[in-house]
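A.B. asks:
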Amino acid sequence: MTYTARPAPGDFPAFYHHYVEEAVGTDILDALRSAQDTMRGVLARVPTEREGHRYAPDKWSIKEVVQHVIDAERVFAYRALRFARKDTTELPGFEENDWAPASEADRRSLADLMAEHEAVRATSLCLFQSLPPDALDRSGNANGRPITVRAIGWVIAGHSNHHASILAERYL
-6 MTYTARPAPG
4 DFPAFYHHYV
14 EEAVGTDILD
24 ALRSAQDTMR
34 GVLARVPTER
44 EGHRYAPDKW
54 SIKEVVQHVI
64 DAERVFAYRA
74 LRFARKDTTE
84 LPGFEENDWA
94 PASEADRRSL
104 ADLMAEHEAV
114 RATSLCLFQS
124 LPPDALDRSG
134 NANGRPITVR
144 AIGWVIAGHS
154 NHHASILAER
164 YL
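As C-alpha cells, then:
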C-alpha cells in the first residue's frame, strides 16, 4: 500500500470513523497540510476580543479547543511513532476533559497557540514523510483498541478538521 491509500474500516476503532471521513486530501501528507490550512484559515477569523469565547458555559474556549487539537496531535503522533517502530507496548488513552483545564490555554494568546500548532504539525509531517511505506500498515493497541499507523495520520488530519468546523460553526 502507498501513502495515498485511506485506511480500511478495520484499521481503526469505529469511533474514529468520523475523523477519517473528515480528512481531505490525496494522501496522508496532503491531508495533514490541508487540515493545517483549514485550521489556519478559521483561526485567522477570530477577533482578539473573542479568543476566550465559549459558546456555552460548560464548553471549552476557543483557545482550549486549539490546545486540545495540539495535545491530541502530539498523542496520536507518539502512537504512530511507537507503532511504526514495531513497539508492541499497549498505550493508554488520555482524558481530554481533564487535560483541557490543566492546559491553562486561556492564559496564552491565540497567536502563541497558532504558532505551537504550526510547529506540532510540522513535526507530524516530518514523521509521516520519514516512514517507509510498509510502516504505515503496522499497528498497535492504544486505549484498548488496535489502530494502524496509516489510520493515525488520517485521524490527525480529520480530528483537526472536525474542530475547525466546530470553531467556524459554533464560535464565530
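Residue numbering for the sequence shown is -6 to 165, as defined by my numbering. Using N, Cα and C, we set each Cβ at its ideal position, and we do this for glycine too. These figures come from a predicted structure and were not determined experimentally.
1) Who pairs with Leu84 in a beta bridge, going by DSSP?
2) Among the residues of its own chain, which have a CB less than 6 Å from the CB of Glu44, if the five just before and after it don't count?
3) Taking DSSP as the reference, what is the three-state secondary structure of Thr19?
4) DSSP beta-bridge partners for Ile149?
5) Mind pulling the alpha helix (DSSP H) runs of 4 or more residues that sit fully within the stretch 1 to 52?
6) According to DSSP, is Thr(-3) part of a helix, a strand, or is it coil?
7) Does the distance from the C-beta atom of His61 to that of Tyr164 stay below 7 Å?
8) Could you give the first and the last residue of the continuous alpha helix (DSSP H) run that contains Leu120?
9) Closest to Asp4 by CA distance: which of Ile159, Ser153, Leu160, Asn134 is it?
10) From Tyr12, Arg138, Arg75, Ala144, pick the residue whose C-alpha is nearest to that of Gly86; which is it?
11) Where does the unbroken alpha helix (DSSP H) through Leu74 begin, and where does it stop?
12) Nearest to Asn90 by CA position, among Arg75, Glu109, Asp64, is which residue?
13) Excluding the five sequence neighbours on either side, which residues of its own chain have a C-beta within less than 6 Å of the C-beta of Leu129, listed in chain order?
14) By the DSSP assignment, the alpha helix (DSSP H) with Asp91 in it spans what residues?
C.D. replies: Let's see:
1) DSSP output for Leu84 lists Ala135 as bridge partner(s).
2) Ile55, Lys56, Leu103
3) coil
4) None, per the DSSP bridge assignment.
5) 10 to 15, 21 to 37
6) Three-state result, Thr(-3): coil.
7) no
8) 103 to 123
9) Ranking Ile159, Ser153, Leu160, Asn134 by Cα distance to Asp4 puts Asn134 first.
10) Arg138
11) 55 to 77
12) Asp64
13) Val142, Arg143
14) 89 to 96
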